[in-house]
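Read through the structure below, which is laid out as structure tokens, and then see the notes.
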Amino acid sequence: MIQNHGILHRGSSRFSSIGLPAHDMQMEARRQLRSLHLPRWSTTAAATATDAPTIIDYTSLPHDSPEVQALIDKHAHKPQTSASLQTLMKTGRGEFLHKMKNIKGSASRSGGESSNIVDDYDDGYETSSHSSSNDTNSEATPLVLLQVASFLRRELPIRLAHRINDLSRVPLLREMKSVKQVKELYTTSFLEILNASEHPPPPSYEDDDVHRSKEDTISHRKKQRLKRSEWEQNFAAILENVYERHSSVLVQMARGAFELRAAIQGGEVVLGGGDDDYDRTSMSSPRSEGEIRAGRDAVEFELMESTHAFLDRFYLSRIGIRVLIGQYLSLRRPPVENYVGIICGRTSPYEIVKRAIDDAAFMCTRKYGDAPEVIITGRLDLTFPYVPTHLHYIMLELLKNSMRATVEYHGIDADYPPIKVVIADGSDNEDVIIKVSDEGGGIPRSNMKRIWSYLFTTADPEIQEGMVAFNENVDHSIDSPLAGLGYGLPISRSYARYFGGDLSIMSMEGYGTDCFVYLTRLGNTREPLPI
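In the working numbering, the protein residues as written are 9 to 539.
This is the structure in structure tokens:
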């Protein structure tokens with residue numbers, strides 16, 4: 009028995025049949041894994057009847073090994089599959105179950121796998137049990153859960169592989185300790201999910217079913233259904249761990265940005281004239297006239313556009329991964345009225361804005377002793393399908409900024425002008441639009457680009473350092489000062505853009521700021537998957 013990085017081989021016949029000496033067995037095992045054609049459970053023609061199957065445990069492979077990088081590259085070359093809000097709702101309600109058999113049949117005829125969220129396993133006698141299209145309160149059936157899990161087992165390794173390679177290539181940030189830790193975390197999750205992906209649940213129909221009696225077929229299918237249920241439960245447990253593990257990523261990446269700022273200002277990193285140029289060097293040997301010296305009061309973020317683009321891609325992808333996992337895990341819990349997973353079919357912007365006002369006012373009062381009044385007007389009765397937690401995050405961030413700007417511009421104990429929120433919608437509108445207006449003095453035009461930068465914050469350095477050193481699992485949307493990580497606005501824009509919306513800001517320096525949140529009403533826009 010030879011063990012090599014988690015690849016366990018029992019029986020020597022497979023090696024002796026090709027004439028390998030004992031000391032070459034280890035190299036042959038590594039060569040086979042590099043080929044990436046071994047299934048997780050396999051046997052060979054040369055093996056005897058008493059040989060056990062070859063087992064590949066991907067989680068035991070070193071993260072920096074060529075084998076792991078080959079697996080990552082293989083999945084990173086596969087296309088990602090985007091989903092719309094409506095697709096997620098319809099899948100959760102079981103509306104696509106009747107399509108699975110046809111999709112599965114066409115995929116098998118073409119010799120490949122379908123990449124749609126609605127493919128995979130089908131039991132004809134179960135498809136009639138799905139909820140009606142108007143029912144948002146029914147519990148997801150086992151077949152719905154299996155359908156979603158089967159999609160995730162293929163899709164998540166692809167998305168994680170894209171981000172792992174991105175983390176390896178991003179200039180500047182890739183050398184930061186915290187970013188390296190995030191890459192390790194993503195690799196761990198990739199390998200865990202890949203283990204489940206390589207050992208999928210059994211199909212509900214097999215070719216040899218036609219040779220069984222009716223009684224044997226029913227008994228066999230019951231056993232197969234039990235195996236599928238056990239696989240789905242185990243897969244859900246894996247994703248619970250992944251979801252929890254990744255909850256700290258936002259703070260870890262913010263810590264990486266803080267480390268980068270400190271390295272630039274401390275002279276450890278010198279920026280060159282190109283987006284991808286950087287060097288860990290001293291201040292004494294400039295490489296070009298256009299070089300930016302560390303230690304300047306202001307860092308020219310325009311020269312780090314590739315870093316900003318990477319962070320936009322990374323966080324948009326993170327939102328997508330958490331939506332897919334969160335939707336699946338939520339479907340496994342008892343149903344909540346008007347909800348399909350994490351999506352509320354009757355999301356009320358008015359109710360969410362009210363909650364965000366309460367949260368922002370609490371934070372503002374805690375810091376300054378008072379908070380401005382907020383007036384809400386417009387379509388207060390409006391409801392539409394959306395993810396309430398996303399909208400709450402966006403509105404809380406905008407209201408925090410407006411309250412802070414208003415108090416600091418007018419002074420503590422002043423008679424503050426109210427902040428105004430307008431909810432606009434019409435029967436022919438393609439968007440629900442929410443405007444937040446304040447008279448907090450506005451933003452200098454020279455800072456307008458920087459408000460979307462993950463490397464820019466108005467917080468004091470002491471506050472920033474305390475934020476990244478604080479408990480990683482804290483909810484930074486509420487348990488944080490009014491200015492902290494510097495991620496609020498760009499993350500809010502990513503949330504708005506995820507389902508086809510947007511966030512824009514117009515400012516009049518010396519007066520105030522208007523923020524516009526655009527949210528698609530129909531929910532039929534597919535997520536914009538970063539490459």
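We treat Cβ as the ideally placed atom computed from N, Cα and C, and that holds for glycine.
DSSP-derived helix/strand/coil call for residue i
{"i": "Ser461", "result": "coil"}
{"i": "Thr315", "result": "helix"}
{"i": "Ser237", "result": "helix"}
{"i": "Thr195", "result": "helix"}
{"i": "Asp320", "result": "helix"}
{"i": "Gly386", "result": "strand"}
{"i": "Phe521", "result": "Note on residue identity: the sequence assigns Thr, not Phe, to residue 521. Strand, per DSSP."}
{"i": "Leu527", "result": "strand"}
{"i": "Phe104", "result": "coil"}
{"i": "Asp421", "result": "coil"}
{"i": "Ser118", "result": "Only weak support is given to the placement of Ser118: the predicted model assigns it a pLDDT of 39, under 50, and the question is left unresolved by the model."}
{"i": "Glu535", "result": "coil"}
{"i": "Val178", "result": "coil"}
{"i": "Phe392", "result": "strand"}
{"i": "Leu69", "result": "coil"}
{"i": "Val187", "result": "helix"}
{"i": "Lys443", "result": "strand"}
Top-ranked residue by Cα proximity to residue i, from the options
{"i": "Val415", "options": "Phe464, Leu193, Lys362 and Glu381", "result": "Glu381"}
{"i": "Ala368", "options": "Glu359, Ala379 and Tyr347", "result": "Ala379"}
{"i": "Gln189", "options": "Ala262, Ser435 and Lys457", "result": "Ala262"}
{"i": "Arg162", "options": "Arg253, Ser90 and Lys191", "result": "Ser90"}
{"i": "Tyr336", "options": "Ser454, Ser445, Glu313 and Leu153", "result": "Leu153"}
{"i": "Cys593", "options": "Arg529, Glu535, Ile451 and Gly531", "result": "Residue 593 falls outside the range modelled here, since the chain spans only 9 to 539, and no answer is possible."}
{"i": "Pro342", "options": "Glu313, His316, Thr149 and Leu93", "result": "Thr149"}
{"i": "Arg253", "options": "His207, Phe266, Gly264 and Glu200", "result": "Glu200"}
{"i": "Phe322", "options": "Leu69, Leu537 and Gln94", "result": "Leu537"}
{"i": "His170", "options": "Ser158, Leu160, Pro357 and Phe198", "result": "Phe198"}
{"i": "Leu93", "options": "Tyr394, Leu407, Ile539 and Gly419", "result": "Tyr394"}
{"i": "Cys372", "options": "Ile420, Met456, Ala270 and Asn346", "result": "Ile420"}
{"i": "Ala317", "options": "Phe370, Ile539 and Leu160", "result": "Ile539"}
{"i": "Lys362", "options": "Ile384, Ala244, Leu151 and Arg374", "result": "Ile384"}
{"i": "Glu206", "options": "Arg177, Leu407 and Ser158", "result": "Ser158"}
Inter-residue spacing [alpha-carbon to alpha-carbon] between residue i and residue j
{"i": "Asn147", "j": "Ile350", "result": "Reading off the sequence, residue 147 comes out as Glu, not Asn. Answer to the nearest angstrom: the Cα atoms are 13 Å apart."}
{"i": "Ile442", "j": "Leu388", "result": "11 Å"}
{"i": "Arg412", "j": "Ala84", "result": "43 Å"}
{"i": "Gly570", "j": "Glu405", "result": "No information on residue 570 is available, as it lies outside the stretch 9 to 539 that the chain covers here."}
{"i": "Arg354", "j": "Leu390", "result": "9 Å"}
{"i": "Gly508", "j": "Lys231", "result": "43 Å"}
{"i": "Pro179", "j": "Leu168", "result": "19 Å"}
{"i": "Val187", "j": "Leu463", "result": "14 Å"}
{"i": "Leu527", "j": "Leu399", "result": "9 Å"}
{"i": "Arg534", "j": "Leu258", "result": "24 Å"}
{"i": "Ile360", "j": "Cys352", "result": "12 Å"}
{"i": "Ser314", "j": "Trp239", "result": "41 Å"}
{"i": "Val344", "j": "Ala364", "result": "21 Å"}
{"i": "Phe392", "j": "Glu103", "result": "19 Å"}
{"i": "Ser122", "j": "Pro87", "result": "Unreliable placement is indicated for Ser122, whose pLDDT of 45 sits below 50; no coordinate value is reported for it."}
{"i": "Tyr519", "j": "Phe370", "result": "25 Å"}
{"i": "Asp436", "j": "Val331", "result": "28 Å"}
Cβ pair residue i, residue j closer than 7 Å
{"i": "Ser6", "j": "Ile402", "result": "Nothing can be reported for residue 6: it is not among the residues displayed for the chain, which extend from 9 to 539."}
{"i": "Ala204", "j": "Ile246", "result": "yes"}
{"i": "Met184", "j": "Leu96", "result": "no"}
{"i": "Val430", "j": "Gly386", "result": "yes"}
{"i": "Arg229", "j": "Pro209", "result": "no"}
{"i": "Gly100", "j": "Leu319", "result": "no"}
{"i": "Pro165", "j": "Leu193", "result": "no"}
{"i": "Gly264", "j": "Leu175", "result": "no"}
{"i": "Ile427", "j": "Asp446", "result": "yes"}
{"i": "Pro327", "j": "Tyr506", "result": "The identity of residue 327 in the sequence shown is Ile, whereas the question assumes Pro. Result yes, Cβ atoms of Ile327 and Tyr506 sit closer than 7 Å."}
{"i": "Tyr424", "j": "Ile333", "result": "no"}
{"i": "Ala271", "j": "Val277", "result": "yes"}
Neighbour-count burial assignment, residue i, 16 or more Cβ in a 10 Å radius
{"i": "Asn242", "result": "exposed"}
{"i": "Thr521", "result": "buried"}
{"i": "Asn249", "result": "exposed"}
{"i": "Ile459", "result": "buried"}
{"i": "Asn409", "result": "buried"}
{"i": "Ala422", "result": "exposed"}
{"i": "Ser512", "result": "exposed"}
{"i": "Leu530", "result": "exposed"}
{"i": "Pro7", "result": "Within the shown structure, residues of the chain are numbered from 9 to 539, placing residue 7 beyond reach of any answer."}
{"i": "Ile80", "result": "buried"}
{"i": "Lys82", "result": "exposed"}
{"i": "Thr67", "result": "exposed"}
{"i": "Ser461", "result": "buried"}
{"i": "Lys407", "result": "Per the sequence shown, the amino acid found at residue 407 is Leu instead of Lys. Under this definition Leu407 is a buried residue."}
Check: residue i C-beta below 6 Å from any heavy atom of the ligand SAH
{"i": "Phe392", "result": "In the structure on display, the ligand SAH does not appear, and there are no ligands present to speak of."}
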